[in-house]
Amino acid sequence: MSKGAAFEQVRLILGLDFGTTFSAICFATSTTTDLREIHTFTAWPGSCEQAGEHYVKTPSRIAYADENPGNDDNDGLASDAVGYEVEAGQRSYSWFKLLLDMDALSSDYDDPELKLRRSEGLMCLPADKSAKDVTTDYLRGLYQICQERLNRKFGNGRLASRLRYPVDVWLTVPATWSEKAKLLTQIAAQDAGFASHPGDRMFLIPEPEAAALAALKSTISEINDLIQVGDHVLICDCGGGTVDITTYNVLSTEPALELEELLVGIGAKCGSTTIDRSMNKLMAERFGDAFTSLGERRTGLGSHFMSTFENIKKGFSLVRAKKRPNRIPLKMRNVSAEAIASNHYDSDLDAVLLSTDDIKSLFDPVIDNITGLLSDQITKVEEDVKGKKMKVILVGGFASSPYLCERLEVFLEGRNARLVTPMKDAWSAIARGAVIRGLEGEAVKQRKCRRHYGFEISKHYQHKLHKDFDKSLRRTWIDKFDGSKCLTGFLAWEVNKGSIVTKQTEIRYSLEVTGEAGEPLFSSLDLYACSADSTPETIEDTSAEKVGCVTYTLKDLDVSQLRSKIGPGRIRRYQADLTIVIRMGDAAGLLTFKVLCQGAEVGTAQLDISSD
């Protein structure tokens, strides 16, 4: 092989961790053999005024220029600002990542305030934009910064030649997310510019899996005997918006790390932003209009008020509790005498006062949800594999909370589990783990399916059994081929929750479709999922979640080989026996589809989420 040919095979591996509160980008070339050579973006625009730890991530925040015009106090924005470029007092948007999956059914441990705060405007969006639109705009800002940094690293000439440096983008997503949310995130990233050039590719990887790769790799490299073959390792990814928990069995550590999921992972929307929402609620309850009338620029996300609270939140600890109340500067008018007398507000210093008990009350419901998730997972592991001590590894932004670690250490006492903190860089573990996946290939050899998957089907209508069906969700229709009356809305489940999923795992569903002579054969099939342990029989059950519509076109089907007959109107109708194949463990991280007839591929299929 010539040097030129070898050079052309070099790819840039880029890990993109789009988080609820902060985002990170890491990269390496495909020739990298030492994981210490994985580079983390640190010089984010505007970050020079922040603490050093924050350099490895940038806030998931955007301010639009047209919403921030100049006035007597400032010059306004000449262009949209993202991350640290967004200044306190500017109209901006945060937490929009959570809005990508708001249609999913709530879990037992989801923050109950989440949808309420959305309806009250705390998680608002521009009037003319969707959550996907704002995500695209934000990621476009990150992409432009990414391109500038890579140009400096490699030189404009090399990057200009896309054939020399094709890019593999590994985009991380919460493991609990619906297919719709994952697909929206992928589309947003591609529309923003990531993996948009010839030769580029985009893959999705679950956040806890990426975190596991980074955490276990760093732990193994620094303390050889801490993680061994046969160990059970629980990865608890505590982020700003979501908490994801997955437990792995370590199959191998050398020459390559190999893992398998022990049981179905769990998670919920109960991350550290829940504390911020609770803080907003507490302030409204204590001060009423004196607080709520100030507006989002003074009390919302990105304001000096919330930035100060964020610093208090990061360092909160009962072991090293402050002796005096925490003070957050905020000038309010008409604060009630009761609030001042209750030591909630210092009118001399114009500051909100938060006691240790106040902050503890904000943290505890969130940590209670996390320990609830951990308890469920640990109990199931103990039932399946008795006597094996488990290692619990915390990753994610909230994992650095001293109080969270204090609570979890107490929670794990007496349980067959040990809390292990990754050796370094826990906050950027997900982005680095995504790069490791791109460099070293698939480490997780088998997974456990987190949901049941199946299709909506029709059955022959029987009046006695089906007369009370919900007409707003289902309908009857006449089969043109045999004239029978059918009813929609039944569910045929093809893959069960807890089933082993490998890269070869497929859903195969057989069906009959009817078409008329002279017309192209195309149709659709609604794909459903269910996270509950038992499956519903019809779409009338609220536990059935529509994933999307699988639309397919039979462009390569030879209709002359199909069953046919002349029907009403002297029209010849054909009937084809098809198999819809859905690959569950595709490397791209999304469901992929194909259509077979008599074993041969005869058409294309894709998941349409627009009608969901």
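As numbered in the numbering used here, the sequence shown has no gaps in its residue numbers, which increase by one up to the final residue, 653.
Don't be surprised by glycine CBs; every beta carbon is placed ideally from N, CA and C.
Between which two residues does the alpha helix (DSSP H) holding residue i run?
i	result
CYS187	172-195
SER344	Neither: SER344 is in no alpha helix (DSSP H) and is coded neither H nor E.
SER551	Segment 547-557 is the beta strand (DSSP E) holding SER551; no alpha helix (DSSP H) there.
ASN410	397-425
ARG478	470-481
PHE137	Segment: none, PHE137 is in no alpha helix (DSSP H) and carries neither H nor E.
ARG327	314-328
ILE228	220-233
LYS505	504-507
How long is the line joining the alpha carbons of residue i and residue j, rounded to whole angstroms?
i	j	result
ILE471	GLN269	22 Å
VAL643	TYR593	10 Å
LEU53	PHE235	12 Å
LEU528	THR579	11 Å
PRO247	TRP211	10 Å
SER202	LYS500	Only weak support exists for where SER202 lies, its pLDDT of 46 falling under 50; the coordinates are left without a value.
CYS638	ARG492	28 Å
THR546	GLU481	22 Å
SER120	ALA106	5 Å
LEU200	TYR206	Bear in mind that the predicted position of LEU200 carries a pLDDT of just 46, short of 50, making it too unreliable to give a figure here.
LYS538	GLU299	23 Å
SER135	THR61	8 Å
CYS636	THR412	Strictly speaking, residue 636 in this sequence is Val, with Cys absent from that position. In a straight line, the C-alpha of VAL636 is about 44 Å away from that of THR412.
GLY306	ALA380	44 Å
ALA84	ARG339	28 Å
SER160	ASP174	In this predicted model, SER160 has a pLDDT of only 49, less than 50, meaning its place in the structure is not dependable; the value taken from the coordinates is given anyway. Approximately 19 Å, taken between the alpha carbons.
PHE48	ASP209	The predicted model places PHE48 with a pLDDT of 43, which falls under 50 and marks its position as unreliable, so this point remains unresolved.
PHE452	ALA331	39 Å
MET320	ASP389	22 Å
CYS590	GLN418	32 Å
LEU55	ALA69	7 Å
PHE195	HIS238	17 Å
GLN487	GLU126	42 Å
SER513	GLY530	11 Å
LEU257	GLU351	29 Å
ALA222	ASP582	22 Å
GLY282	ARG318	11 Å
CYS571	VAL422	22 Å
ALA362	GLY341	26 Å
TYR289	ARG478	16 Å
GLY336	ILE650	36 Å
GLN50	SER147	45 Å
LYS354	ASN410	18 Å
ARG193	SER442	35 Å
LEU435	VAL461	7 Å
GLU302	THR287	7 Å
GLY130	SER584	42 Å
PHE137	PRO100	12 Å
LEU648	PHE496	13 Å
Taking residue i as the reference, which of the options has the closest Cα?
i	options	result
ASP144	GLN602, GLU586, CYS638	GLU586
GLU483	THR543, ASP285, THR420, ARG516	THR543
ILE623	ALA646, GLY608, GLN602, PRO207	ALA646
LYS596	THR576, ALA641, CYS571, GLU581	ALA641
PHE63	THR74, THR420, SER219, VAL123	VAL123
LEU183	THR260, ARG193, GLN131, ALA65	ALA65
ALA382	ASN352, SER416, PHE328	PHE328
THR314	PHE404, ARG368, GLU302, SER344	PHE404
LEU225	LEU139, GLY308, LEU267, MET324	LEU139
Name the two residues that bound the continuous beta strand (DSSP E) containing residue i.
i	result
ASN290	284-293
GLY437	Note, GLY437: premise wrong, no beta strand (DSSP E); not H, not E.
ILE54	53-58
ALA378	No beta strand (DSSP E) contains ALA378, which is instead part of the alpha helix (DSSP H) from 378-382.
THR62	Where THR62 is concerned, there is no enclosing beta strand (DSSP E), given that its DSSP letter is neither H nor E.
THR633	633-638
Assuming residue i and residue j make a contact with CB atoms under 8 Å, what is their CB distance in whole Å?
i	j	result
LYS310	ASP567	About 25 Å separates the two Cβ atoms, so there is no contact after all.
ILE612	TYR550	The pair is not a contact, with the Cβ atoms about 28 Å apart (cut-off 8 Å).
GLU535	ILE548	5 Å
LEU532	PRO577	6 Å
TYR150	ILE103	Actually they are not in contact, since the Cβ atoms of TYR150 and ILE103 sit about 29 Å apart, beyond 8 Å.
LEU632	GLU220	6 Å
ASP241	LYS432	ASP241 to LYS432, Cβ: 37 Å. No contact.
Does any residue of chain B have a CB that is nearer than 7 Å to the CB of residue i?
i	result
ILE246	You won't find chain B in this structure, because it holds only one protein chain.
Exercise for the section: Check whether the region 468-486 touches the region 66-81, counting contact only when three or more Cβ pairs, one atom from each stretch, lie closer than 8 Å. Expected result: Contact holds: three or more Cβ-Cβ distances are below 8 Å.
Practice task
Determine, using beta-carbon pairs with one atom in the region 224-244 and one in the region 292-303, whether at least three such pairs fall under 8 Å.
Solution key: The region 292-303 and the region 224-244 do not touch, with fewer than three beta-carbon pairs separated by less than 8 Å.
Exercise for the section: Evaluate contact between the region 250-257 and the region 273-283, counting only Cβ atoms and requiring at least three cross-stretch pairs below 8 Å. Expected result: Verdict: yes, contact present.
Problem - Three-pair Cβ contact test at 8 Å for the region 605-619 versus the region 517-528 - result: yes
Handout entry: Touch test, the region 364-371 against the region 384-402, Cβ-Cβ under 8 Å, three pairs minimum
Key = yes
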